[in-house]
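I have placed the structure first, in the form of structure tokens, so that the comments after it can refer back to it.
Protein chains: 2
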Amino acid sequence: MEYSFGDLVDLDKIQGLAESFYRLTGIPPSITDVEGNVLVKVGWQRICTEFHRKHPQTLERCVQSDTELAKQLNGKTGYASYKCLNGLVDMAAPIIIGERHVANLFAGQFFLDPPDREFFRKQAATFGFDETEYLQAVDRVPVLSRERLELGMNFLTALASLLGEMGLNQKELSELNLHLEAKVRERTLRLEHEMEERKKAEAEKIRAGKLQGVLEMAGAAAHEFSQPLQTLSFDVDFLQGQLGDNDKEVGEALQSMRDNVTALSRLINKVQNITTYEVAEYSDDLQIIDLDKASQN
Amino acid sequence: MEYSFGDLVDLDKIQGLAESFYRLTGIPPSITDVEGNVLVKVGWQRICTEFHRKHPQTLERCVQSDTELAKQLNGKTGYASYKCLNGLVDMAAPIIIGERHVANLFAGQFFLDPPDREFFRKQAATFGFDETEYLQAVDRVPVLSRERLELGMNFLTALASLLGEMGLNQKELSELNLHLEAKVRERTLRLEHEMEERKKAEAEKIRAGKLQGVLEMAGAAAHEFSQPLQTLSFDVDFLQGQLGDNDKEVGEALQSMRDNVTALSRLINKVQNITTYEVAEYSDDLQIIDLDKASQN
Chain A
157 MEYSFGDLVD LDKIQGLAES FYRLTGIPPS ITDVEGNVLV KVGWQRICTE FHRKHPQTLE
217 RCVQSDTELA KQLNGKTGYA SYKCLNGLVD MAAPIIIGER HVANLFAGQF FLDPPDREFF
277 RKQAATFGFD ETEYLQAVDR VPVLSRERLE LGMNFLTALA SLLGEMGLNQ KELSELNLHL
337 EAKVRERTLR LEHEMEERKK AEAEKIRAGK LQGVLEMAGA AAHEFSQPLQ TLSFDVDFLQ
397 GQLGDNDKEV GEALQSMRDN VTALSRLINK VQNITTYEVA EYSDDLQIID LDKASQN
Chain B
157 MEYSFGDLVD LDKIQGLAES FYRLTGIPPS ITDVEGNVLV KVGWQRICTE FHRKHPQTLE
217 RCVQSDTELA KQLNGKTGYA SYKCLNGLVD MAAPIIIGER HVANLFAGQF FLDPPDREFF
277 RKQAATFGFD ETEYLQAVDR VPVLSRERLE LGMNFLTALA SLLGEMGLNQ KELSELNLHL
337 EAKVRERTLR LEHEMEERKK AEAEKIRAGK LQGVLEMAGA AAHEFSQPLQ TLSFDVDFLQ
397 GQLGDNDKEV GEALQSMRDN VTALSRLINK VQNITTYEVA EYSDDLQIID LDKASQN
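Here the protein sequences line up with chains A and B, keeping their order.
For the first sequence, our numbering gives the first residue as 157, with consecutive numbering after it.
For the second sequence, our numbering gives the first residue as 157, with consecutive numbering after it.
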């Protein structure tokens with residue numbers, strides 16, 4: 157799963173907490189992502205914003221210093237402190253969430269010892285800063301003990317880690333939820349499909365069953381009726397041979413028998429050649445097979 | 157959804173953060189649930205643990221003071237400060253998560269002004285505390301400005317709220333997960349049931365279809381065969397009446413016809429009385445209706 161620190165926590169709330177923390181402790185926390193983009197920024201010193209970051213040469217030193225400090229964090233779990241090329245101190249620690257280095261925490265700028273005013277006076281001259289205003293900015297930079305800063309960094313890294321881990325857990329749960337929701341949808345669709353298929357299949361099965369029943373019944377009829385019909389046919393042949401046309405009424409009766417035996421044979425023939433299921437209405441609540449339509453002949 | 161603060165956050169981690177916060181700021185945070193059970197406890201003063209909470213009368217005052225302070229929090233969103241009956245100051249704020257008052261945050265004990273040693277000397281005498289040791293304990297209680305404490309409480313309540321809200325979100329996501337998992341299980345079971353039902357239904361539909369097909373075919377056979385058979389029967393009657401027993405062979409042929417017409421009529425009768433689907437093997441790959449078994453007669 158890909159994630160940045162900003163995906164895991166509410167950065168506006170973290171910004172508010174960082175401001176509150178700065179007012180309470182005098183330690184200004186900032187957070188950047190691993191590419192150096194600022195996510196949370198508190199209490200940047202006037203000496204940085206109004207002087208060092210405004211002059212191209214001192215700005216170049218700021219960037220170099222930031223890069224150097226970030227480099228020191230790679231693969232580390234503790235924190236690093238660094239005296240920047242413009243003479244201030246910064247402290248940084250990696251924020252590791254789910255074994256992933258997602259951001260860097262900075263606490264700076266400050267001095268660990270009272271500043272060397274001579275150094276800064278010279279620096280003002282070198283870069284053409286207004287000496288009075290520049291030294292006022294130097295005086296506003298807090299002087300913090302290393303012990304106090306380490307306590308601050310301990311607290312801040314533990315807090316960032318707790319917030320990040322909770323955020324990661326939320327993110328994992330959210331993704332699991334999406335996955336489960338998709339699964340519910342998939343199961344629901346399959347269920348609907350199955351129910352539709354069932355209806356279709358039922359109609360098909362009834363139809364298939366009907367044809368099978370028709371064919372089996374037709375087979376039985378052909379089987380059972382054929383033999384008696386054949387005997388009848390022989391008997392009619394015999395009687396017609398024996399009796400000839402001597403008696404008109406007898407001759408007509410024999411011809412009627414011949415016609416009916418032939419009609420029955422043709423019916424049996426149709427029954428034997430049924431290939432499809434075709435019905436005709438017989439009465440209001442009864443339908444029967446339409447032999448002509450159902451039979452191939 | 158029911159929840160306590162301990163359901164939402166990792167109390168061990170909060171305890172670690174509180175200790176780290178106390179070392180950094182000198183402000184000792186504690187958290188109790190709304191029933192007063194201690195969840196997180198940091199930096200309790202020796203004057204409380206070794207003196208006030210050991211003597212029954214001063215302990216009684218502690219409990220009264222705690223109750224009074226907690227009462228001040230009910231329905232409030234800000235914080236309350238309270239000078240306890242034993243002379244120390246405590247500050248408290250409700251922790252509201254998801255519009256629910258789940259816990260109270262305390263920062264204490266401390267003094268807002270340098271302590272009145274005379275008051276504590278008298279208190280030592282009243283309750284028989286060792287004066288030197290008691291006054292040493294008094295001296296160890298931090299003196300914190302109201303402004304600093306308010307900054308501390310602001311930070312701590314914002315933090316407790318953020319952690320609690322994240323925890324609540326986690327909890328809601330977890331419950332949604334459980335709900336979704338149950339839904340997936342329910343849908344899966346219904347799907348399996350539907351598939352089984354489909355198989356059963358298909359078998360039933362085939363069987364129903366077969367019977368219907370048989371009955372429709374039987375109806376057709378009875379309908380088509382009856383009329384020619386009846387005519388045959390009349391013709392046989394007529395010829396038997398006309399020809400009598402004059403000629404033995406003719407008589408036998410007529411009797412054979414009578415027998416076969418009767419046989420066919422009986423078959424039609426059976427066909428008309430089919431009520432169930434019963435088959436017999438006819439050849440290797442063909443089965444036909446068993447008229448005797450299928451017919452009610």
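A virtual CB, placed ideally from N, CA and C, is assigned to each residue, including glycine.
For residue i, the first and last residue of its enclosing beta strand (DSSP E)
i	result
Q228 of chain A	From DSSP, Q228 of chain A is part of no beta strand (DSSP E) but of the alpha helix (DSSP H) over 212-229.
S186 of chain B	185-189
D295 of chain B	Note, D295 of chain B: premise wrong, no beta strand (DSSP E); alpha helix (DSSP H) at 287-296.
G264 of chain A	256-266
D246 of chain B	245-253
Y433 of chain A	Segment: none, Y433 of chain A is in no beta strand (DSSP E) and carries neither H nor E.
Y235 of chain B	Y235 of chain B -> no beta strand (DSSP E), and no H or E assigned at all.
Own chain, CB closer than 6 Å to residue i, minus 5 neighbours either side, in chain order
i	result
I187 of chain B	L195, V196, A259, L261
L300 of chain B	F266
E408 of chain B	none
P271 of chain A	V294
7 Å Cβ shell around residue i - same chain, five flanking residues per side excluded
i	result
L215 of chain A	H208, R209
Q220 of chain A	L241
L167 of chain A	L195, V196
N325 of chain A	none
S382 of chain A	I424
V417 of chain A	L385, L388, S389, V392
V435 of chain B	Q443, I444, I445, D446
Status (buried if at least 16 other CB within 10 Å, exposed otherwise) for residue i
i	result
M157 of chain B	exposed
D448 of chain B	exposed
D108 of chain A	The first residue shown for chain A is 157 and the last is 453, placing residue 108 of chain A beyond what the model contains.
S237 of chain B	buried
F275 of chain A	exposed
P184 of chain A	buried
L319 of chain A	buried
Q292 of chain B	exposed
Residue i: contacting residues in chain B (beta-carbon distance under 8 Å)
i	result
E350 of chain A	L347, E350, M351, R354
S176 of chain A	L307, N310, F311, A314
Proximal residues of chain B, C-beta to C-beta of residue i below 7 Å
i	result
A249 of chain A	Near A249 of chain A there are no residues of chain B at all, since even the closest Cβ is about 14 Å away, more than 7 Å.
D391 of chain A	A409, S412, M413
E372 of chain A	V370, V435, Q443, I444, I445
E358 of chain A	A357, E358, K361
K339 of chain A	V340
T431 of chain A	By Cβ distance, chain B contributes nothing, its closest Cβ being about 13 Å from T431 of chain A, past 7 Å.
P384 of chain A	N416, A419, L420
Sequence-distant residues of the same chain with beta carbon closer than 8 Å to residue i, five excluded per side
i	result
G400 of chain B	G407
R296 of chain B	Q201, R202, I203
K327 of chain A	M157, Y159, D163, L164
D269 of chain A	V299
E533 of chain B	Absent from the structure is residue 533 of chain B, since the part of chain B shown begins at 157 and ends at 453.
Residue span of the alpha helix (DSSP H) that contains residue i, given as start and end
i	result
I424 of chain A	404-428
L334 of chain B	302-399
K449 of chain A	447-450
D168 of chain A	167-181
Q201 of chain B	It is not in any alpha helix (DSSP H) - Q201 of chain B carries neither H nor E in the DSSP assignment.
D163 of chain B	161-164
E274 of chain B	273-283
Interface residues of chain A facing residue i [CB-CB closer than 7 Å]
i	result
G365 of chain B	K361, I362, R363, A364, G365, K366, G369
K169 of chain B	L318
L229 of chain B	Within 7 Å Cβ-Cβ: nothing; L229 of chain B doesn't reach chain A, min ~20 Å.
Interface residues of chain A facing residue i [CB-CB closer than 8 Å]
i	result
G323 of chain B	M322
V198 of chain B	Result: empty, since nearest Cβ-Cβ is about 12 Å, beyond 8 Å.
Chain B residues whose Cβ lies nearer than 9 Å to that of residue i
i	result
R302 of chain A	Chain B residues near R302 of chain A: none, gap ~13 Å exceeds 9 Å.
N333 of chain A	L329, L332, N333, L336
Y438 of chain A	E372, G375, A376, H379
Proximal residues of chain A, C-beta to C-beta of residue i below 9 Å
i	result
E405 of chain B	F394, Q398
Cβ pair count under 8 Å reaching 3, the region 336-346 of chain A against the region 377-388 of chain A: Here the region 336-346 of chain A does not lie against the region 377-388 of chain A, with fewer than 3 beta-carbon pairs under 8 Å apart.
Pair every Cβ in the region 303-319 of chain B with every Cβ in the region 301-311 of chain A, then say whether three or more of these pairs are closer than 8 Å. No, they do not touch.
Given 8 Å, three or more beta-carbon pairs between the region 248-257 of chain B and the region 171-183 of chain B: They do not touch, by the three-pair rule.
Taking 8 Å as the cut-off, does the region 351-371 of chain A touch the region 359-373 of chain B (at least 3 CB pairs, one atom from each stretch)? At 8 Å Cβ cutoff, the stretches touch.
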